[in-house]
Amino acid sequence: MKITDAKVFVGGPAKNYVTLKIMNDQGVYGLGDATLNGRETMTATYLRDYLTPNLIGKDPRNSEDIWQFFYRGAYFRGGPIAMSAFGAIDMALWDIKGKLAGMPLYQLFGGKSREGAMVYAHATGADLEDLMDSIAWYVEQGYKAVRVQCGVPGMPTASYGVSEEKGANRNYITDFSGIQPKVEIWDTDRYMRYMPGALARIRERFGPDLRILHDVHHRLLPREAAEFAKEVEPVRLYWLEDPTPAEDQDALKLLRQHSTVPIAIGEVFNSIWDCNKLIENELIDFIRVAVTHVGGITPAKRIVDLAGLHHVRTGFHGAPSHSPLSMAAQAHLNAWAPNFGIQEYLVLGTPECDALFPSAHRLENGMFHVSDAPGLGVDFDEKEVARYSYKPGSLPVVRLEDGTLWNY
Ligand code: KDG
Ligand code: MG
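Reminder that position 91 of the sequence shown reads as 364 in the working numbering, one-by-one numbering, no gaps.
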């Protein structure tokens, strides 16, 4: 069996999804997602210019060897662009494998460990009152878990993940009005003084059962993060996400000595080497890698297994930039993983997105139910994608009030 062709598409409804389609000589095709928010043309170019020409003629069933060929063969290893491009190839090869076997991917991993996978949504508000409305909306829809972010009084601009406009509570983050980023101003002191009380009020209003998550988005230094984590302990968060800059695997040691708040980190990681110490030293409770950005299903599964040895559960990244293909890859891992925790979920469900990526996966009462279709269980409509073109967009950058550049 041989790979005969591979095509790369860029576009989608209000997103720049990068979709890879790999064809073989048996008429079976596989699909993969290489979307890297804000750098979409880079993964597409890497795939088109360097990787897909090397796929032609290879046996698509040898997904492990193909992964090693690209990873080791690049010599200069790692990085989000390369790993996301490898991620799309690996996902597409697993899709082919599942289709050849006539089985949904979770069966190839070891079958189902649960019927549905709990997801969390993003509730957000310009202020706390606005946020409370947003949380109430998700609770009414049946969500059992929500990530909560709101504006901080006195902060010169919106804080992370929050719109400045009241009521605009479900759409933010990437600005597609151009390639130059918006600048947001951050004030750690105001955040540290305000947010613990706001989280306590959310817990008081929504009661003990709602799983409440909060994302610090790497903005605190290790000592500040330890103080913050200690202070929010009575709220009983499901997790505190990215309290410190993620490139320092030692940064969480101090926090761990001072607080038992569950910690989640990993959405910016590109390989097992970014999180092995965090996992082995049991400095985290949830690993948040994205299957795409970490190089695909093959390496993601190794991370899940390492995490399982150290009581670390999964909480795969599922920001709106991930296409339904990588969300499906994660859904199959979620159905199987003995150490599944929760899934971030924001992407599926719009009619335009469903038309581009038809699938029978479904969300019901805050639980994701994976379909039994062979492979990833998601198709791709090439006529639909022709309606969209690449839109230059950017995530904001963050500065302190004196102009110092900070972590987004
Ligand atoms: O592309 C960047 C976003 O994915 C990121 O800001 C979202 O922190 C995020 C999250 O938890 O989804
Ligand atoms: Mg995050």
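Even for Gly, the Cβ is constructed at its ideal location relative to N, Cα and C.
Item to check | Nearest neighbour of Y290, chosen from E637, V670, G676, F630 [CA to CA] | outcome: Sequence index remark: in the sequence shown, residue 290 carries index 17 (1-based). The option with the nearest alpha carbon to Y290 is F630.
Next on the checklist: Just to confirm my understanding: we take I662, look at its own chain, exclude 5 residues before and 5 after, and list those with CB closer than 7 Å. What are they?
Outcome noted: As a working note, residue 662 is residue 389 in the sequence shown. This sequence places Ser at residue 662; Ile is not what is there. Correct list, in chain order: G284.
Checklist entry - Closest by CA to Q603, which one among I538, T565, D675? => result Position 330 of the sequence shown holds residue 603. Checking every option, the nearest Cα to that of Q603 belongs to T565.
Item to check | Cβ neighbours of G648 in the same chain (closer than 6 Å, five flanking residues each side left out) | outcome: Numbered from 1 along the sequence shown, position 375 holds the residue referred to as residue 648. The residues are D368, G371, K372.
Checklist entry - What is the C-beta distance between A374 and L381, in whole angstroms, given that I count them as a contact (C-beta under 8 Å)? => result In the sequence shown, residue 374 corresponds to position 101, counting from 1. In the sequence shown, residue 381 corresponds to position 108, counting from 1. That belief holds up - the Cβ atoms of A374 and L381 are roughly 7 Å apart, short of 8 Å.
Checklist entry - Which whole-angstrom value describes the C-beta separation of R474 and R509, a residue pair presumed to lie in contact below a C-beta threshold of 8 Å? => result Position 201 of the sequence shown holds residue 474. Position 236 of the sequence shown holds residue 509. No, R474 and R509 are not in contact; Cβ-Cβ is about 14 Å, not under 8 Å.
Item to check | Cβ separation of E553 and H583, assumed to be a contact under 8 Å, to the nearest whole Å | outcome: Taking the first residue of the sequence shown as 1, we reach residue 553 at position 280. Taking the first residue of the sequence shown as 1, we reach residue 583 at position 310. That belief holds up - the Cβ atoms of E553 and H583 are roughly 6 Å apart, short of 8 Å.
Checklist entry - Whole-angstrom Cβ separation of G569 and M296, contact assumed at under 8 Å? => result The residue labelled residue 569 in the question sits at position 296 within the sequence shown. The residue labelled residue 296 in the question sits at position 23 within the sequence shown. The pair is not a contact, with the Cβ atoms about 18 Å apart (cut-off 8 Å).
Checklist entry - Got a sec? Which residues, its chain only, sit under 7 Å from G738 by beta carbon, not counting five neighbours each side? => result Here the chain comprises residues numbered 274 to 681, so residue 738 is not present and cannot be evaluated.
Item to check | Given R484 as reference, the closest of P469, A499, V412, Y319 once Cα atoms are compared | outcome: As a working note, residue 484 is residue 211 in the sequence shown. Comparing Cα positions, the closest option is V412.
Checklist entry - Within 10 angstroms of its Cβ, does L678 collect 16 or more other Cβ (buried), or is it exposed? => result Numbered from 1 along the sequence shown, position 405 holds the residue referred to as residue 678. When all chains shown are included, L678 counts as exposed.
Item to check | Close Cβ partners of R586 (< 6 Å) along its chain, the five nearest in sequence each way excluded | outcome: Here the question's residue 586 lines up with position 313 in the sequence shown. F559, N612, G614.
Checklist entry - Beta carbon of A355, beta carbon of L320: below 7 Å? => result Counting from one through the sequence shown, the residue named residue 355 turns up at place 82. Counting from one through the sequence shown, the residue named residue 320 turns up at place 47. Not closer than 7 Å, so no.
Checklist entry - Taking the beta strand (DSSP E) that W567 falls in, what are its first and last residues? => result In the sequence shown, counting from the first residue as 1, residue 567 sits at position 294. According to the sequence displayed, residue 567 carries Val and not Trp. Per DSSP, V567 belongs to no beta strand (DSSP E) and is neither H nor E.
Item to check | ligand 2 heavy atom lying under 6 Å from the CB of D488 | outcome: By one-based count along the sequence shown, residue 488 stands at place 215. Result yes, Cβ under 6 Å from ligand 2.
Next on the checklist: DSSP three-state label for K417, please.
Outcome noted: Counting from one through the sequence shown, the residue named residue 417 turns up at place 144. In this structure, K417 counts as coil in the three-state DSSP scheme.
Next on the checklist: I'd like the list of long-range same chain contacts for T316, defined as Cβ closer than 8 Å, with 5 residues on each side in sequence excluded.
Outcome noted: To locate residue 316, count along the sequence shown from 1; it is residue 43. Once the five neighbours on either side are set aside, the close Cβ partners of T316 are V291, A307, T308, L309, I354, S357, A358, A361.
Item to check | Rounded separation between N327 and G398 - CA only | outcome: Here residue 327 refers to the residue found at position 54 of the sequence shown. Here residue 398 refers to the residue found at position 125 of the sequence shown. If I take the Cα positions, the gap works out to 47 Å.
Checklist entry - Exposed or buried, which one is I576 when buried takes at least 16 other CB atoms within 10 Å? => result Mapped onto the sequence shown, residue 576 falls at position 303. It counts as buried.
Checklist entry - Under a Cβ-count criterion, where at least 16 other Cβ atoms within 10 Å of its own Cβ denotes burial, should T571 be classed as buried or exposed? => result The residue labelled residue 571 in the question sits at position 298 within the sequence shown. When all chains shown are included, T571 counts as buried.
Item to check | Bridge partner(s) assigned by DSSP for A628 | outcome: Walking along the sequence shown from the start, residue 628 turns up at place 355. According to DSSP, A628 bridges with nothing at all.
Checklist entry - When the Cα atoms are used, what is the spatial distance from G518 to E457? => result What you label residue 518 is simply residue 245 of the sequence shown in a count that begins at 1. What you label residue 457 is simply residue 184 of the sequence shown in a count that begins at 1. A small fix is needed here, since residue 518 is Pro in this sequence, not Gly. Distance between the alpha carbons of P518 and E457: 18 Å.
Next on the checklist: So, does the region 388 to 405 touch the region 460 to 475, judging by three or more C-beta pairs under 8 Å?
Outcome noted: yes
Item to check | Environment of Q341 [buried if 16+ CB atoms lie within 10 Å] | outcome: Within the sequence shown, residue 341 is the residue found at index 68, counting from 1. That one is exposed.
Checklist entry - If you compare alpha carbons, which of T318, P426, M274 is closest to V301? => result Locating residue 301 in the sequence shown gives position 28, counting from the first residue. Comparing Cα-Cα distances from V301 to each of T318, P426, M274, the minimum goes to M274.
Next on the checklist: Distance check for A499 and K385, CA to CA, integer angstroms please.
Outcome noted: Position 112 of the sequence shown, counted from the first residue, corresponds to residue 385. Position 226 of the sequence shown, counted from the first residue, corresponds to residue 499. For K385 and A499, the distance between alpha carbons rounds to 37 Å.
Checklist entry - If you check the beta carbons only, do V435 and Q422 fall under 7 Å apart? => result For this step, residue 435 is matched to residue 162 along the sequence shown. For this step, residue 422 is matched to residue 149 along the sequence shown. The answer is yes: Cβ separation under 7 Å.
Item to check | Pick from D547, E506, L486, P507 that is closest to A524, judged by C-alpha positions | outcome: For the purposes of this step, residue 524 is taken as the residue at position 251 of the sequence shown. Nearest C-alpha to A524: D547.
Next on the checklist: What does the alpha-carbon distance come out to for the pair D462 and R561?
Outcome noted: The residue labelled residue 462 in the question sits at position 189 within the sequence shown. The residue labelled residue 561 in the question sits at position 288 within the sequence shown. Answer to the nearest angstrom: the Cα atoms are 27 Å apart.
Next on the checklist: From the DSSP secondary-structure annotation, give me the bridge partner or partners of W367.
Outcome noted: Stepping through the sequence shown from its first residue, residue 367 is reached at position 94. Answer by DSSP bridge pairing: none, since W367 is not bridged.
Checklist entry - Any idea if R496 is buried or exposed, counting beta-carbon neighbours within 10 angstroms, 16 or more meaning buried? => result Position 223 of the sequence shown, counting from 1, holds the residue named residue 496. Exposed is the call here.
Checklist entry - Can you tell me whether DSSP reads S667 as helix, strand or coil? => result If you number the sequence shown from 1, residue 667 lands on position 394. Strand at S667.
Checklist entry - Exposed or buried, R492, counting other C-beta atoms within 10 Å across all chains shown (16 or more means buried)? => result For the purposes of this step, residue 492 is taken as the residue at position 219 of the sequence shown. R492 should be labelled buried.
Checklist entry - For T325, does the count of other Cβ atoms within 10 angstroms reach 16, so buried, or fall short, so exposed? => result The residue given as residue 325 occupies position 52 in the sequence shown. Per the 10 Å Cβ criterion, buried.
Checklist entry - From the beta carbon of D338, is the nearest beta carbon of chain B less than 7 Å away? => result In the structure shown, chain B does not exist; there is a single protein chain.
Checklist entry - Rounded to a whole number of angstroms, what is the C-alpha to C-alpha distance between T318 and I446? => result Along the sequence shown, read from residue 1 onward, the residue named residue 318 stands at position 45. Along the sequence shown, read from residue 1 onward, the residue named residue 446 stands at position 173. Roughly 24 Å separates the two Cα atoms.
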